[in-house]
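Numbering (the numbering used here), first residue to last: 462 to 858.
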Ligand code: OSB
Ligand code: MG
């Protein structure tokens, strides 16, 4: 049984070490929503809402998520005794459209709370989703996501450094004008065996098939989300014309969309981001579906703080996550993270899953979060109204 008694919603500001540019936008400082959830008997945990600052990735933003959590998500779950954390997602879907990242922040917090209350790690708790037991990997192979650079030479320098640091996958953000030449330069510099991929964040249409065909000659692990954010049909058309597997990110917003992708053959790999699909229950369901169909999945990232990263690491420990995840260590993005110890990666490009540490596996640095907080709101059920009995008065005649 898991019951969320109170949610403290905070916004913190965390400057990125360097600006991160993708085809659909630029971010220099993250605005991050953190949730502190209180359950029974004083047990608490933290979760993160992974919305961006602007609606360039999905329609949600930090501000819409703040509103959605306070107005619609929290009132549905506060004080409700859920038999399993699996039951939170359906409760948030009934007559409540969209706002997946706002829903996910609370839904994942319920998984975190269940893990903390049961004294097991988040990864172990998640491996028991939907009444089944899944094996767990003790460490996750990690990839880096390199933002769009001013020149191919600048990109090559970053790719070389990433390879030297041990990263198992180098994802290159592309857009028209910064694509074939850039990726080819990295292929040339790092050699034929280097694990490279490209992510377009919707920057192309089927009119660009010639450009995408040239990427096809660069032996990439995959091309991520080349076409529109909500498209499946055109991706299927494009996949028929490419040897390189298409990986879908933005287009997969639920289990149903993953089923559609399989039916339409819109792609051959899925990037699972739990925020994008409404939380852990849907993430596991998509994972299970893909595993059953031999479709590899990997865990994407949203420039999370160490709190969100702990959820991604737990998810990526599931057996179908066979491609390296966007799970860079804390110091890739932050001068100082909000968890201790920070997330680290070994020389072989692996992040260790804290399988035997209860809860998130890291300690949340509450003092640091206090310092970084720009607004805060406590969400709780109103205390039960005090019943006042007034003396019986004769009805007015
Ligand atoms: O498309 O995967 C993406 C960040 C913001 C929005 C979209 C994406 C990304 C990343 C970041 O690639 C990966 C990471 O968190 O390391
Ligand atoms: Mg992507």
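A virtual CB, placed ideally from N, CA and C, is assigned to each residue, including glycine.
Asked	Found
If you follow the alpha helix (DSSP H) that residue 624 is part of, which residue opens it and which one closes it?	613 to 626
How many angstroms separate the CA atom of residue 487 from the CA atom of residue 815?	32 Å
Tell me whether residue 839 is buried or exposed, calling it buried when 16 or more other Cβ atoms sit within 10 Å of its Cβ.	exposed
Going residue by residue through the segment 682 to 712, where are the continuous beta strand (DSSP E) segments of at least 3 residues, counting only ones entirely within it?	707 to 709
List the residues that DSSP assigns as beta-bridge partners of residue 481.	488
Does the Cβ-Cβ distance between residue 519 and residue 513 come in under 9 Å?	yes
Just verifying my parser: in three-state terms, what is the DSSP assignment at residue 765?	coil
What are the complete beta strand (DSSP E) segments, minimum 3 residues, inside the segment 468 to 553?	486 to 499 and 505 to 510
Which residue marks the beginning of the alpha helix (DSSP H) containing residue 672, and which one marks its end?	670 to 677
Grouping DSSP H, G and I as helix and E and B as strand, with all else coil, what is residue 582?	strand
For residue 830, which residues does DSSP report across the bridge?	Looking at the DSSP assignment, residue 830 forms no beta bridge with any residue, so it has no partner.
Since residue 498 and residue 570 are thought to touch, with beta carbons under 8 Å apart, how far apart are those beta carbons, to the nearest angstrom?	4 Å
Going by DSSP, what residues sit across from residue 848 in a beta bridge?	Bridge partners of residue 848: none, in fact.
Looking at C-alpha atoms only, which residue of 664, 522, 627 and 629 is the closest neighbour of residue 638?	664
State the beta-bridge partners of residue 841 as determined by DSSP.	467
Among residues of its own chain, excluding the 5 on either side of residue 871, which ones have a beta-carbon nearer than 7 Å to its beta-carbon?	An answer regarding residue 871 cannot be provided, because it is not within the stretch 462 to 858 covered by the chain.
Closest to residue 466 by CA distance: which of 772, 492, 500 and 749 is it?	500
Considering only C-alpha positions, which residue in the set 579, 536 and 747 is nearest to residue 557?	536
Cβ of residue 691 within 8 Å of any heavy atom in the ligand MG?	no
Quick one: grab the DSSP three-state call for residue 793.	helix
Comparing C-alpha positions only, which one of 719, 767, 684 and 755 sits nearest to residue 822?	767
For residue 800, write down the residues that DSSP places opposite it in a beta bridge.	825
Given this structure, state the Cα-to-Cα distance separating residue 708 from residue 847, to the nearest angstrom.	56 Å
What does a CB cutoff of less than 7 Å around residue 629 pick up in its chain, not counting 5 residues either side in sequence?	602, 603, 604, 656, 785 and 810
Residues in its own chain within less than 6 Å of residue 469 by CB, not counting five upstream and five downstream?	497 and 839
Give every residue of the same chain whose Cβ lies closer than 6 Å to the Cβ of residue 844, excluding the five residues on either side of it in the sequence, and list them in chain order.	none
Could you give the distance in angstroms between the alpha-carbon of residue 649 and the alpha-carbon of residue 620?	11 Å
Just to confirm, are residue 760 and residue 730 a CB contact at a threshold of 9 Å?	no
Hey, is residue 548 close to the ligand OSB, as in C-beta under 8 Å from one of its heavy atoms?	no
Near residue 623, what residues of its chain come up, given a Cβ to Cβ distance below 6 Å and the 5 sequence neighbours on each side ignored?	605 and 631
Cβ-heavy atom distance between residue 683 and the ligand OSB below 8 Å?	no
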